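Report on the following structure.
4 protein chains.
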Amino acid sequence: MRFSINPSSVEPVYAQIARQAREAVARGTLRPGDQLPTVRELALELVINPNTIAAAYREMERAGLVRTLRGRGTFIAVIQAPASPAERRRQLQKHVEALLTEATHLGLSEEEILDAVRTVARKYRLREEKNDE
Amino acid sequence: MRFSINPSSVEPVYAQIARQAREAVARGTLRPGDQLPTVRELALELVINPNTIAAAYREMERAGLVRTLRGRGTFIAVIQAPASPAERRRQLQKHVEALLTEATHLGLSEEEILDAVRTVARKYRLREEKNDE
Amino acid sequence: MRFSINPSSVEPVYAQIARQAREAVARGTLRPGDQLPTVRELALELVINPNTIAAAYREMERAGLVRTLRGRGTFIAVIQAPASPAERRRQLQKHVEALLTEATHLGLSEEEILDAVRTVARKYRLREEKNDE
Amino acid sequence: MRFSINPSSVEPVYAQIARQAREAVARGTLRPGDQLPTVRELALELVINPNTIAAAYREMERAGLVRTLRGRGTFIAVIQAPASPAERRRQLQKHVEALLTEATHLGLSEEEILDAVRTVARKYRLREEKNDE
DNA sequence: GTGGTCTAGACCACA
DNA sequence: GTGGTCTAGACCACA
Chain A
343 MRFSINPSSV EPVYAQIARQ AREAVARGTL RPGDQLPTVR ELALELVINP
393 NTIAAAYREM ERAGLVRTLR GRGTFIAVIQ APASPAERRR QLQKHVEALL
443 TEATHLGLSE EEILDAVRTV ARKYRLREEK NDE
Chain B
343 MRFSINPSSV EPVYAQIARQ AREAVARGTL RPGDQLPTVR ELALELVINP
393 NTIAAAYREM ERAGLVRTLR GRGTFIAVIQ APASPAERRR QLQKHVEALL
443 TEATHLGLSE EEILDAVRTV ARKYRLREEK NDE
Chain C
343 MRFSINPSSV EPVYAQIARQ AREAVARGTL RPGDQLPTVR ELALELVINP
393 NTIAAAYREM ERAGLVRTLR GRGTFIAVIQ APASPAERRR QLQKHVEALL
443 TEATHLGLSE EEILDAVRTV ARKYRLREEK NDE
Chain D
343 MRFSINPSSV EPVYAQIARQ AREAVARGTL RPGDQLPTVR ELALELVINP
393 NTIAAAYREM ERAGLVRTLR GRGTFIAVIQ APASPAERRR QLQKHVEALL
443 TEATHLGLSE EEILDAVRTV ARKYRLREEK NDE
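Residue numbers (the numbering used here), protein chains in the order written: chain A, 343 to 475; chain B, 343 to 475; chain C, 343 to 475; chain D, 343 to 475.
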C-alpha cells in the first residue's frame, strides 16, 4: 500500500501512518498476514525520521492491528476479537456522534448523511449480516 | 451547559472544552447569542487555570464558533457560512470514511450503522431539507 | 456625522470612533468649530457604554483633533500645526510602508496602488501644492 | 532577519514580532521555505519569555504566514492565495484611505504621496504586472 | 468586571 | 532538539 503524508497537518505524522494502515485493513487493501515495509524502508520512501515510523508501528501494535516478529518483520494481525456487544454499541454511538457533530456544522441533512454512508460503505469490508445479540 | 474535563486524556484540556462547546452547538444546547461562562467562572468551576480556559476560547474564536467582545464576554456566533458545496461534500466523505473504518474494525454491518445514524440524528440540529446545489 | 461601530472588530470600539472622526476631518465632513454630540447622546445613539465614548473623546483630545470646553461641549479643533518637515517625511514614509506591506501580501502591482491613491485622493482635503522646504 | 522589540509600545510584543515578519516577507528579506529562529533561540536573543515568542508564531500560523512542523521548526509558508478580486480591491481601498487620512492631517499634497509610494515601492516585492480580472 | 498580555517554569509529544 | 500544554500569578486595556 502507499502512504501519503502531509507534514504540516495538525494530525501527527505517526498518527497519519497508523490511521492509513487502519483504513487499508478496513477496506481490504491490507489483509491479515500481509507484511508491512520495514521501518528503514518506509522512512526512506516517505523521507521521514525513522523514529516517527517506529512510533507509528508501536501505535499499530498497541491497537492490535499488527504483530511484529523479531527478525522477521511486521505483519497485519488476524482480526482482533471485537469488544462486548455493549462496548461495541458504545463505541459506535461515539463515532456516530462525532460524524453528526461535524455534519451539523456543515449544514447537512440526515438524508445526505445516510446517502453518503450507503455510497462509501461499498468500499469497506463491513460485516454482511446483523450481529445477533 | 456543563463541561466535563478528563485531565488524564491524551486530548488537551483546552481542546476538550472547545470540542464540547462545538457538540453543544450541534445539538442545540448552545445557540447563537448565548453567552459562555466567563473565563474566571469556568476556571473556578472546572478547577483549571484561567489561561487554559482562555486558550479554549481563543481556539473557538479561531474556528468561528464564538465571538469575543472585549470587556463583555464570549458569545456563540451566528452559524458560519458553510464551505462550498464541493468542499462540504469532501468534508462529509472524510468523516464518513472515519466512521466506516471504525465500524468495520468493530465488526458491524451497514444496517447497524444506518440505524445508529437515524437514532442519534434526533439529538442534532441537522438541516431539515437537502441542499440544492 | 454618522459613526458606525463593529463591536466584534479587533479594533477597540473607542478607537473606531476616534479613527472615524479623524477620517471625517480629513474628508471635510467635519470642519473646525463643528460640535460633536455629547458623550451621553452618542452613547444612546450607538448603544454603547458611555465610558467607551468618553475614552474616544479623550483620545481625540490627546491627538489635538478636538477641544472640550467645559459646560459648552466638544468641538473640532483648528488644524493643528504640522510637525517639522523631517518629522512629516518620516511619518509619511511609515504610513506608505504599512500600505505597501499590505498591498504586497494582496499580490498587487505598483500601478494598481498608484491608481487607487489617485482615485481615493479626490475624497480628501489634501494640500493643493507641494510644501516648499 | 533581525527583530527589534519595543517593550513599552502599546503594540503587544507578540504582535510586533508578527508584524515585522510580515514586513520582511513583503520586502523579500524572508522568503517561502526560510526557517525562522526557534522559539528558544529568539527568546534568548530578544530577552523575552518563550511563551511570548510562541504566541507570535501561533498568530503568524493563524494568518497563514508560516507553517509550523512539529519537532522541526517554523517556516515561511508559500504565498497564500490572495482573496477574491473584489475583496482585494476592498482591502486596498481601506489601506489607501488610512494613508490618505494621515497624509491629509500631515498637510501633504497628492503629488508628495505618489512620490513617496514610487520611492518606497522599490523596497517591496510587489507584483510586476496588473492583475487581469 | 471582562478578556488580553506577559513572565517563570515544569513537563510532554513529536520528529 | 523542536514546539505544545499547563499552572501560577501579576498587571493592563477595555467596556
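The beta carbon of each residue, even a glycine, is placed where N, CA and C say it ideally should be. Every value quoted in this text rests on a predicted model; they were computed, and no experiment measured them.
Problem set entry | Bounding residues of the beta strand (DSSP E) (the contiguous stretch that carries residue 411(B)) | 408-411
Exercise. Got a sec: is the Cβ-Cβ distance from residue 375(C) to anything in chain D below 8 Å?
Worked result: no
Exercise. Out of 417(A), 446(A), 468(A), 389(A), which has the shortest C-alpha to C-alpha gap to residue 355(A)?
Worked result: 389(A)
Exercise. Since residue 415(C) sits in a beta bridge, which residues does DSSP pair it with?
Worked result: 411(C)
Problem set entry | Interface partners of residue 364(C) on chain D, CB under 8 Å | 443, 447
Problem set entry | Range covered by the alpha helix (DSSP H) that runs through residue 402(C) | 392-404
For this session: Drop a sphere of 10 angstroms on the beta-carbon of residue 367(A), count the other beta-carbons inside from all chains shown, and report buried for 16 or more, exposed for fewer.
Result: buried
For this session: Check the Cβ of residue 468(A) against every Cβ in chain B and list those closer than 8 Å, keeping chain order.
Result: 442, 445, 446, 450, 451, 452, 455
Problem set entry | Selected residue, minimal CA-CA separation from residue 420(A), among 382(A), 372(A), 397(A) | 372(A)
Exercise. Going by C-alpha distance, which of 439(B), 391(B), 430(B) is nearest residue 450(A)?
Worked result: 430(B)
Exercise. Using a Cβ-Cβ distance under 8 Å, would residue 430(D) count as near chain A?
Worked result: no
Problem set entry | Minimum Cβ-Cβ distance from residue 435(B) to chain A less than 8 Å | yes
Exercise. Assuming residue 440(A) and residue 455(A) make a contact with CB atoms under 8 Å, what is their CB distance in whole Å?
Worked result: Rounded, the Cβ-Cβ distance is 12 Å, inconsistent with contact.
Exercise. Where do the N-terminal and C-terminal ends of the alpha helix (DSSP H) with residue 470(A) fall, by residue?
Worked result: Counting along the chain, residue 470(A) falls outside any alpha helix (DSSP H), and DSSP gives it neither H nor E.
Problem set entry | Contacting positions in the stretch 370-403 of chain B - beta carbon closer than 7 Å to chain C | none
Problem set entry | Neighbour-count burial assignment, residue 358(C), 16 or more Cβ in a 10 Å radius | buried
For this session: Output the distance between the C-alpha atoms of residue 409(B) and residue 416(A), rounded to the nearest integer angstrom.
Result: 49 Å
Exercise. Using DSSP with H/G/I as helix, E/B as strand and the rest coil, what is residue 448(D)?
Worked result: coil
Exercise. In three-state terms, what does DSSP make of residue 422(D)?
Worked result: coil
For this session: Measure from the C-beta of residue 407(B) to each C-beta in chain C and report whether the shortest distance is under 8 Å.
Result: no
Problem set entry | Burial state of residue 343(C) (16 or more Cβ within 10 Å) | exposed
Exercise. What span of residues does the alpha helix (DSSP H) with residue 383(D) cover, start to end?
Worked result: 381-388
Exercise. How far does the alpha helix (DSSP H) with residue 356(D) in it reach, from first residue to last?
Worked result: 355-369
Exercise. Which partner residues does residue 377(D) have in the DSSP bridge list?
Worked result: 417(D)
Problem set entry | Proximity winner among 347(C), 378(C), 345(C), 463(C), relative to residue 414(C) (alpha-carbon distances) | 378(C)
Problem set entry | Within chain D, partners of residue 471(C) - CB distance below 7 Å | 451
Problem set entry | Chain-order list of residues whose beta-carbon lies under 6 Å from that of residue 395(C) (same chain, five-residue window excluded) | 381, 384, 385
Exercise. Apart from the five residues on each side of it in sequence, which residues of its chain come closer than 6 Å, Cβ to Cβ, to residue 391(D)?
Worked result: none
Exercise. Taking DSSP as the reference, what is the three-state secondary structure of residue 442(A)?
Worked result: helix
Problem set entry | Cutoff 7 Å; reference residue 424(B); Cβ partners in own chain excluding five residues on either side | 430
Exercise. Chain D beta carbons: is any one of them nearer than 8 Å to that of residue 350(A)?
Worked result: yes
For this session: To the nearest angstrom, report how far apart residue 436(C) and residue 406(C) are at their CA atoms.
Result: 20 Å
Exercise. In chain order, what residues of the same chain have a beta carbon less than 8 Å from the beta carbon of residue 348(D), not counting five sequence neighbours either side?
Worked result: 358
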